[in-house]
Each structure stands twice: as C-alpha cells, then as structure tokens.
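In the working numbering, the protein residues as written are 6 to 209.
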C-alpha cells in the first residue's frame, strides 16, 4: 500500500489565526478578530488560492489582498514572510512518517503549497527525504480538491494497480480522494490517524 500525505496542518504546523495575531496585532487583536481576518486573508478560492496554484507571485498577491482588505501591501508581505517560520515540522507526525519509511512503505506528499514555500521546505527540512516523490500545487498549477490534481498524482506516482491511503486535514480533499478511488483518512491528530491506518492494514 502507498501512503500519500498532505503537508500543512498534518506534517507541518499551520496556525493561521495565531500567525495573524502575532503579525497584525492592530487588526487581529483577539481570537475572534484574528479568525475573521484569517477567513478574509487566506481565501482558498480567491487570491491566496491563486498563490497556492502558482497563478500569482508575491507582489501581485500583496496588491490584490491589500486592495481587497484595506491592509497595506507591507502588512501583507509581513504575513507572507511569517508563513516560512510558521511551517515547522510536527514531531509526532514526522515520527510516524519516518517509521513507515524505515518499514519500507512507499510514501508521497500531495500539497496545496505555493512554490516559494515549497522551495523553502526542500532546502531546510530533512523529512522530505522520507518521500518517494511529491507534488506541490504551485509547481504544477493544479490544486486539491480538483480531480485533475489527483489524476496527476496517480500518473506521477505510478499508482496504477496499487492500493492507496491518503491523509489530509480538509474534509473536501478527503472526499475527493475517496471519489477518485483512494482510501482516505481525515487527520485530526497522530494517534487517531495511526489507529485508522492500522485498521487499514498498515503497521502503524
């Protein structure tokens, strides 16, 4: 069986509300206001989604978000820069990934991630070595939960005839994976995922 991992909020820390409180305290001054700003800033179907897909570079993203939200472009750039530090490996998840690697399981990643962050991850994080390849949306210009991204993964990872289990923290991405014919687990925490993978026959 192949294991395919999402990255953000699964193998990498991703706390957008806290990030906005730290970077934009004048606007995101408490939990409620930060959550509201998170919904306005990180719009997956809008400009941030276009950044994920590779259709916008950072200057164009900053211009669009500033125009849409009333933030200054400098404030938007500050948030974009802070994401690099936010995306830290989650130790328990990485330990499970490494255990599977040592057991000889073939694993891949499948991430909605802009190319600048993808470059950063590959330069700085050793756990990338545990994968037998992966796809970043910002490099291939396709995104979850679009079927075309799953089709590309199926082709690039040579999955024909192989059972697959996919791990992701977004229900829509999990549902799309199941519709495509993969087994899929909705990530809530490592213990829950390990239990579900074990039930599927993996040595978790």
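Ideal Cβ positions, reconstructed from N, Cα and C, are used throughout, including at glycine. Since we're looking at a predicted model, the values are computed, not measured.
*beta strand (DSSP E) segment containing residue 53, residue limits*: Counting along the chain, residue 53 falls outside any beta strand (DSSP E), though it belongs to the alpha helix (DSSP H) covering 52-58.
*By a C-beta neighbour count over all protein chains shown, 10 Å radius and 16 as the cutoff for buried, is residue 152 buried or exposed?*
exposed
*Where does residue 193 land, buried or exposed, given buried means 16+ other C-beta within 10 angstroms?*
exposed
*Compute the Euclidean distance between the alpha carbons of residue 83 and residue 128, then round it to the nearest angstrom.*
21 Å
*Bridge partners of residue 10, per DSSP?*
114 and 172
*Start-end ranges of the beta strand (DSSP E) lying completely within the stretch 112-193, minimum 3 residues*: 112-116, 139-141, 169-173 and 188-191
*What residue from 14, 112 and 66 has the CA that sits closest to residue 161's CA?*
112
_Start and end residues, alpha helix (DSSP H) containing residue 43_ = 36-46
*Give the secondary structure of residue 94 by DSSP, where H, G and I count as helix, E and B as strand, and everything else as coil.*
strand
*Under a three-way DSSP split, which group does residue 17 fall into?*
strand
_Looking at the secondary structure, which residues open and close the alpha helix (DSSP H) in which residue 33 lies?_
Note, residue 33: premise wrong, no alpha helix (DSSP H); not H, not E.
*Given a cut-off of 7 Å, decide if residue 22 and residue 41 are closer than it, judged by their beta-carbon atoms.*
no
*Decide yes or no for the touch test of the stretch 9-16 against the stretch 69-83: beta carbon pairs closer than 8 Å, at least 3 of them.*
no
_residue 197, DSSP secondary structure in three states_ = helix
*Own chain residues within Cβ distance below 8 Å of residue 88, not counting five before or after*: 24 and 122
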